[in-house]
Amino acid sequence: MKKKVGLIITIIVIFLGMIAAIVMQNLKVTEKEDQIKSLQAKYSNENSRYNAVSATKDSLIVINSFLAKYRALTEAMTYRDSVRLPMQYKIGDVARLKRDSSRVVISDIVVGGSKYDYYIKYKVLFKDNTTEDIIPELLY
1 MKKKVGLIIT IIVIFLGMIA AIVMQNLKVT EKEDQIKSLQ AKYSNENSRY
51 NAVSATKDSL IVINSFLAKY RALTEAMTYR DSVRLPMQYK IGDVARLKRD
101 SSRVVISDIV VGGSKYDYYI KYKVLFKDNT TEDIIPELLY
């Protein structure tokens, strides 16, 4: 009788151990499935973001290729603006010519030349609405 009780207890313990192992394996499987679902959601989110960025990149390439022909002009304008800042007279200022002390209005600042040689001139407007390009040394 003791052997039967011991055998039954052993079988019950083995059975409970197997049930515990099955439950633990089931918990691990559900945990892994949750991780897989989370990774799939992240993948789908990243994939949609990548598609949006690709579409934006494609549209920016079209715009950039259209505006690329104006790059030299833009660089020249920024160079002209950087040269203009330290100059004595700004556009719209009234100045006097050294040659005859006549008053003129600065209508533009002209910057030109090549890579190694350049010039800076003021485009001035006289009273009779004529314009002339004058080097900065001729104004006071």
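Counted from 1, the sequence shown has number 2 at position 2 by the working numbering; the numbering is strictly sequential.
C-beta atoms are modelled at their ideal positions from N, C-alpha and C, and glycine is treated no differently.
Treat the numbers as computed from the prediction; the structure is a model and nothing was measured.
**Item:** Simplified DSSP assignment, three categories, for LYS121
**Value:** strand
**Item:** Collapsed DSSP secondary structure at SER107 in the structure displayed
**Value:** strand
**Separation of GLN25 from GLU46, as counted between CA atoms** = 31 angstroms
**Asked** Skipping 5 residues on each side, what residues in its chain have a beta carbon closer than 6 angstroms to that of ARG84?
**Response** ILE109
**Request:** Please confirm if the segment 58-68 is in contact with the segment 83-98, defined as three or more CB-CB distances below 8 angstroms between the two stretches.
**Result:** no
**Item:** Alpha-carbon to alpha-carbon, ARG49 and GLU132
**Value:** Using only the alpha carbons, I get a separation of about 57 angstroms.
**Asked** Nearest to LYS115 by alpha carbon, out of TYR140, LEU138, ARG103 and GLU75?
**Response** Ranking the options by Cα distance to LYS115, first place goes to GLU75.
**Request:** Assuming ILE134 and LYS121 form a contact by the criterion Cβ under 8 angstroms, report the distance between their Cβ atoms to the nearest whole angstrom.
**Result:** 6 angstroms
**Message:** Considering Cα atoms alone, identify which of THR30, ALA72, ILE22 and LEU125 is closest to ARG103.
**Reply:** LEU125
**Prompt:** Which full runs of the alpha helix (DSSP H) of 4+ residues lie inside the segment 31-112, going along the chain?
**Reply:** 71-84
**Message:** Could you compute how far the alpha carbon of LEU7 sits from the alpha carbon of ALA20?
**Reply:** 20 angstroms
**Prompt:** Considering only the beta carbon of each residue, do ARG80 and LEU138 sit closer than 8 angstroms?
**Reply:** No. Outside cutoff.
**Item:** Distance between beta carbons of PRO136 and MET77, contact taken as under 8 angstroms
**Value:** Contact flag wrong, Cβ pair sits at about 20 angstroms.
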